[in-house]
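Novice: The listed protein sequences derive, respectively, from chains A and B. Using our numbering, the first residue of the first sequence is number 7, and each one after it goes up by one. Using our numbering, the first residue of the second sequence is number 396, and each one after it goes up by one. Cβ coordinates follow ideal geometry from the N, Cα and C atoms, glycine included. The model shown is predicted, which means the values in this text are computed figures rather than measured ones. Sharing a structure here in structure tokens format.
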Amino acid sequence: MNTKTKRHLLWLALVAIVVAAFAWVFVPVWTIQPFKAQTPGGVSLSYTLRSWSTLVTPVALALAALLVVVLWRGTRWWMKVALVLLLVPAVAATWFAQQNHFEWMFKPLAQSAYVAADKVDFVGDDEMVLAVEVNGDAVAYPVRQLAYHHVVEDTVGGLPVVSTY
Amino acid sequence: MSDGRRLKFHLTGINNQNFIMADEETGTWWQQVSGEAIHGPLKGRRLNGVFHDELTFATWRRERPQGRVLRPSEDNDAWRKFSERWEEQTAKLPVVTQAAAQDTLAPRAVVMGVNLNGASKAYPLEAVERQSPLVDKVGGVPLLVVLGEDKKSVRAFETTVDGRALEFYVKADAGGGGAWRMFDGETRSEWDFTGRAVAGALAGRQLKKIPLLKDYWFDWKLYNPQTLVYAFNAP
């Protein structure tokens, strides 16, 4: 194989790796959109991609960076620019794989805290609450808060409970 | 909690407008409405449902003055802005699942769902508001769906006491100064909104509470495809 063909193949590999890393992260984002219908197959594929993405994306980024180093020498300046630009989506995918973008909009409660019922001034009489009681421990989760956080962790009467809405 | 292990959950996605949560410990994905693990190492498991009520704050506080209430987050105010009109806003959102031709309810009609002995039934909130108390039977169990004094809180009870199904009525003078009460046609005992008899021959007895899930019709139907719908005549 002559050098030129070899370099072409390396370029091809680089582009393929970058596209794959990007798709690995953004296919689930596309599939699991709030106002789009999901199919069981789409959710299943998203689960598989997402559960491997924190591992796959750094490996892909490392491989891509290696190829950039190999291709760097003897490349004209505008091809060097292209090499750097190709790394951008790979870096973006690697960073995004570490994020939970659903929690960007709906920030979780780091630590849930509670106020005695007779001291509460932040819930209107007419507002709905989700109420549970275990072993005499009665708790009200205002729906307004649950609708935002979606998930609130608590221990009620000794029982670990997650309240969801 | 699953198998004695405590899991920590995060919002991680959405599946036809019902959210998916993931636990930190195993990465398993759980469907919010059912508590069922749909993907991952714990797939097929189901979180134990804890009985819950959906009540107005005033009603809850009257019943549980010693209770505690979740305090709003102090380090972020995003929830406040989001939640100001979340119910109206959500009601306007499009629905992505297919509506069936025979559906009598709009996709975002709010229903109170009951699951008993493998049978499921949806009580449109509008029906409860208009016709409370609703007397019905699900999975062979005679039950009562009743709207509280605040006209927003809804509860369901089994109506069988000592082997006989009682008929319930809401006292006509409710709201006229006296406390809200139901009475049963058989013994004329008086019952409060918690399902406890407070006067009459059955005083001290407690009706068995039936879990209700307040849900949008499209979502209830998706997870309970065999559901029946309580028929009522909207004027």
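What would DSSP say about W575(B), mapped onto helix, strand or coil?
Specialist: In this structure, W575(B) counts as coil in the three-state DSSP scheme.
Novice: With 7 Å as the C-beta to C-beta threshold (strictly closer), list the residues of the stretch 141–159 of chain A near chain B in chain order.
Specialist: Against chain B - using a Cβ distance shorter than 7 Å - the residues of the stretch 141–159 of chain A are A144, V145, A146, Y147, P148, R150, Q151, A153, Y154, H155, H156, V157, V158, E159.
Novice: Return the Cβ separation of E581(B) and L561(B) in integer angstroms, given the expectation that the two are a contact with Cβ distance under 8 Å.
Specialist: Confirmed, about 5 Å.
Novice: Short of 6 Å in beta carbon distance, which residues of its chain neighbour R56(A), apart from the five on each side in sequence? Order them along the chain.
Specialist: Within the same chain, R56(A) has close Cβ partners P34.
Novice: Taking 6 Å as the limit between beta carbons, can you name the residues of its chain near E139(A), skipping five residues before and five after?
Specialist: Taken in chain order, the list of residues that qualify is empty.
Novice: Listed from N- to C-terminal order along the chain, which residues in the stretch 106–133 of chain A have their beta-carbon within a distance smaller than 9 Å of any beta-carbon of chain B?
Specialist: Result list: N106, F108, E109, M111, F112, K113, P114, L115, A116, S118, A119, Y120, V121, A122, A123, D124, K125, V126, F128, V129, G130, D131, D132, E133.
Novice: List the residues of chain A that Q427(B) touches, going by C-beta distances under 9 Å, in chain order.
Specialist: What Q427(B) touches in chain A: H156, V157, T170, Y171.
Novice: Considering only the alpha carbon of each residue, which of G513(B), W455(B), L511(B) lies closest to D132(A)?
Specialist: Closest option to D132(A), Cα to Cα, is W455(B).
Novice: Using a Cβ distance threshold of 8 Å, determine whether the stretch 436–449 of chain B contacts the stretch 548–557 of chain B, with at least three qualifying pairs required.
Specialist: Contact between the stretch 436–449 of chain B and the stretch 548–557 of chain B is present, because at least three Cβ pairs lie under 8 Å.
Novice: Quick test of your reading: L197(A) and V74(A), contact by CB under 8 Å. State the CB separation rounded to the nearest angstrom.
Specialist: Chain A is shown only over 7 to 171; residue 197(A) falls outside these bounds and no answer can be derived.
Novice: Pull up the distance between the alpha-carbon of L18(A) and that of W36(A), whole angstroms please.
Specialist: Looking at the two C-alpha atoms, the distance is approximately 25 Å.
Novice: Take the Cβ of K616(B) as the centre, count every other Cβ of all protein chains shown within 10 Å, and call the residue buried at 16 or more, exposed below.
Specialist: Buried, since its Cβ has 16 or more Cβ neighbours within 10 Å.
Novice: Does any CB atom of chain A fall closer than 8 Å to the CB of Q461(B)?
Specialist: Chain A contact via Cβ: present.
Novice: Does Q175(A) have its Cβ less than 8 Å from a Cβ in chain B?
Specialist: Outside the shown range of chain A, which is 7 to 171, sits residue 175(A), and nothing can be said about it.
Novice: Could you name the residues that DSSP lists as bridge partners for Q426(B)?
Specialist: BP columns for Q426(B) point to I415(B), E431(B).
Novice: Using the beta-carbon of each residue, which ones in chain A are nearer than 8 Å to K547(B)?
Specialist: By Cβ distance, chain A contributes D132, M134.
Novice: Using only alpha-carbon positions, find the residue among A594(B), L542(B), L402(B), P489(B) that is nearest to A417(B).
Specialist: Among A594(B), L542(B), L402(B), P489(B), the Cα nearest to that of A417(B) belongs to L402(B).
Novice: So G408(B) packs on I38(A), CB below 8 Å; how close in whole Å?
Specialist: Confirmed, Cβ separation roughly 4 Å.
Novice: Run through the stretch 545–629 of chain B for me and flag every whole alpha helix (DSSP H) of 4 or more residues, listed as ranges in chain order.
Specialist: Counting whole runs of 4 or more residues, the stretch 545–629 of chain B contains the alpha helix (DSSP H) stretches 612–618.
Novice: In chain order, what residues of the same chain lie with their CB nearer than 6 Å to the CB of R441(B), ignoring the 5 residues before and after it?
Specialist: Contacts found: G430, E431.
Novice: In whole angstroms, what separates the C-alpha of L529(B) from that of A567(B)?
Specialist: When rounded, the distance between both Cα atoms is 16 Å.
Novice: Roughly how far, in whole angstroms, is the beta-carbon of A137(A) from the beta-carbon of A123(A), given that I think they are within contact range, below 8 Å?
Specialist: With 8 Å as the limit, A137(A) and A123(A) do not qualify as a contact, their Cβ atoms being about 11 Å apart.
Novice: Using the C-alpha atoms, what's the distance from A71(A) back to L152(A)?
Specialist: Between L152(A) and A71(A), the C-alpha separation is close to 44 Å.
Novice: Give me the chain A residues within the contact set of T407(B), using Cβ-Cβ distance strictly less than 7 Å, ordered along the chain.
Specialist: Neighbours of T407(B) on chain A, chain order: N106, F108.
Novice: Under 7 Å Cβ to Cβ from N141(A), same chain only, skipping five residues before and after it: list those, please.
Specialist: Contacts found: G163, G164.
Novice: At the level of alpha carbons, what is the spacing between T9(A) and R79(A)?
Specialist: Looking at the two C-alpha atoms, the distance is approximately 13 Å.
Novice: With DSSP collapsed to three states, give me the class of K476(B).
Specialist: Helix at K476(B).
Novice: For A144(A), which beta-bridge partners are listed by DSSP?
Specialist: DSSP, once it has assigned bridges, lists E139(A) as partnering A144(A).
Novice: Could you list which residues in chain A have their beta carbon closer than 7 Å to that of D448(B), in chain order?
Specialist: Going along chain A in sequence order, the residues near D448(B) (Cβ under 7 Å) are A137.
Novice: Got a sec, what are the start and stop residues for the beta strand (DSSP E) K516(B) sits in?
Specialist: That run of the beta strand (DSSP E) goes 514–519.
Novice: In whole angstroms, what is the alpha-carbon distance linking A517(B) and V24(A)?
Specialist: Near 50 Å, if we compare the C-alpha coordinates of V24(A) and A517(B).
Novice: Determine whether the beta carbon atoms of T170(A) and Q426(B) lie at a separation below 8 Å.
Specialist: Contact: no.
Novice: I'd like the span of the alpha helix (DSSP H) that includes A501(B), first residue to last.
Specialist: From DSSP, A501(B) is part of no alpha helix (DSSP H); its letter is neither H nor E.
Novice: Just the C-alpha distance for V505(B) and K438(B), rounded to the nearest angstrom, thanks.
Specialist: Cα to Cα, the separation comes out at about 30 Å.
Novice: Only counting the same chain, and skipping five residues up and downstream in sequence, which positions put a Cβ closer than 8 Å to that of V49(A)?
Specialist: Result list for V49(A): T37, I38, in chain order.
Novice: Tell me the DSSP bridge mates of R463(B)?
Specialist: Beta-bridge pairing links R463(B) to A122(A), V145(A).
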